[in-house]
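So the protein lines, in turn, are chains H and U.
First residue of the first sequence? That's 118 in this note's numbering, and the numbers climb one at a time after it.
First residue of the second sequence? That's 118 in this note's numbering, and the numbers climb one at a time after it.
Number of protein chains: 2
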Amino acid sequence: MEQQTTGGDWLDHVRWDANGLVPAIAQEKGSNDILMFAWMNREALAETVRTGQAVYWSRSRNRLWRKGEESGHVQHVHEIRLDCDEDVVLLKIDQVGGIACHTGRHSCFFQKFEGDAANGTWVAVEPILKNPEHIYK
Amino acid sequence: MEQQTTGGDWLDHVRWDANGLVPAIAQEKGSNDILMFAWMNREALAETVRTGQAVYWSRSRNRLWRKGEESGHVQHVHEIRLDCDEDVVLLKIDQVGGIACHTGRHSCFFQKFEGDAANGTWVAVEPILKNPEHIYK
């Protein structure tokens, strides 16, 4: 893992997985909509608390990901919860721009299952609020 | 992995991880509260659709986990969502008994962060609705 510059018993209390990560769920304050799911390492969680804005660990880019660093769609964190097993984090956030998803939608969970087990399909049911080409310039 | 008895293109559409699993978030219909986080394999998701009740994959017990099989706290599934990367599932559910957590609480996310990065702590802020000893007999 990257250099550790973060301390505190509260971070030791989290049960990081073998890769030093935990799942993190971002839930919108007010609506309670689930906007996205990502991962955090120790530094990401410490930075989230320190800055009051959601910071994740990008597994694809292998670096800290300050949500909104490119899109401007920053997440202001109002509350942080930990689950009973201490291995999942829940953020209650305000989503700047109302768009959490890189597709330009409010939430990443826009594909709804329709049908039955033998013949099912996933249908995009949420509108694109902003063209991603205009989000990521 | 266990024997595959499940088919359907919609299952192939899910991006299962190296262990054949995806994260699954259970959200309460109506309140939109996030009740729990677990994992699903292909069979668990297929069984969830087939039965209309949440079925997870227990990594600790290495078998299908029909939520509520011991506690009676079954989850009736109203809607299933998939995220933009097709690697996280969201269930919208009705929680029988109003208790999702094995601690006897409504939600597993009952520990709230308080303090700051240098001196933080996790505080249990949700009531125990039923003594776990009376849930698991």
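Virtual Cβ for every residue (Gly too), placed ideally from N, Cα, C.
Any C-beta of chain H under 8 Å from that of residue i
i, result
"N248(U)", "no"
"D134(U)", "no"
"G125(U)", "yes"
"Q192(U)", "no"
"T122(U)", "At T122(U), the pLDDT of 46 sits below 50, so the modelled position is not reliable; the number obtained from the coordinates is stated separately. Chain H, which has no Cβ nearer than 8 Å to the Cβ of T122(U), makes this no."
"H219(U)", "yes"
"N149(U)", "yes"
"G215(U)", "no"
"D211(U)", "no"
"R167(U)", "yes"
Cβ separation of residue i and residue j, assumed to be a contact under 8 Å, to the nearest whole Å
i, j, result
"Q212(U)", "V194(U)", "Wrong, their Cβ atoms sit about 11 Å apart, outside the cutoff."
"G237(U)", "W127(H)", "4 Å"
"L199(H)", "I142(H)", "Their Cβ separation, rounded to whole angstroms, is 11 Å, which puts L199(H) and I142(H) out of contact at 8 Å."
"E243(H)", "H223(H)", "6 Å"
"W133(H)", "R159(H)", "7 Å"
"C225(U)", "M153(U)", "5 Å"
"Y247(H)", "I216(H)", "A small correction: the amino acid at residue 247(H) is Lys; Tyr does not occupy that position in the sequence shown. K247(H) to I216(H), Cβ: 6 Å. Contact."
Residue i, enclosing beta strand (DSSP E) - first and last residue
i, result
"V205(U)", "Segment: none, V205(U) is in no beta strand (DSSP E) and carries neither H nor E."
"H195(U)", "Q192 to L199"
"L181(U)", "R180 to R183"
CB contact below 8 Å: residue i versus chain U
i, result
"P140(H)", "yes"
"V252(H)", "The sequence as given places Ile at residue 252(H); Val does not occur at that position. Answer no: the Cβ-Cβ gap between I252(H) and chain U never drops below 8 Å."
"E119(H)", "Any reading at E119(H) is ruled out, since the residue's pLDDT is 40, under 50, leaving its predicted position unreliable."
"L199(H)", "yes"
"W182(H)", "no"
"Q228(H)", "yes"
"G137(H)", "no"
"Q144(H)", "yes"
"E196(H)", "yes"
"W239(H)", "yes"
"D129(H)", "no"
"A163(H)", "yes"
"A234(H)", "yes"
"V205(H)", "yes"
Under the three-state DSSP convention, the category residue i falls into
i, result
"I151(H)", "strand"
"E164(H)", "helix"
"G237(U)", "strand"
"G221(H)", "coil"
Residue i - partner residues in DSSP beta bridges
i, result
"I142(H)", "F154(H) and L207(H)"
"S175(U)", "R180(U)"
Run of the alpha helix (DSSP H) containing residue i, from where it starts to where it stops
i, result
"W95(H)", "Nothing about residue 95(H) can be reported from this structure: the residues present for chain H run from 118 to 254 only."
"E231(U)", "Looking at the DSSP string, E231(U) is not in any alpha helix (DSSP H); the run it does join, the beta strand (DSSP E), is Q228 to G232."
"P249(U)", "P249 to I252"
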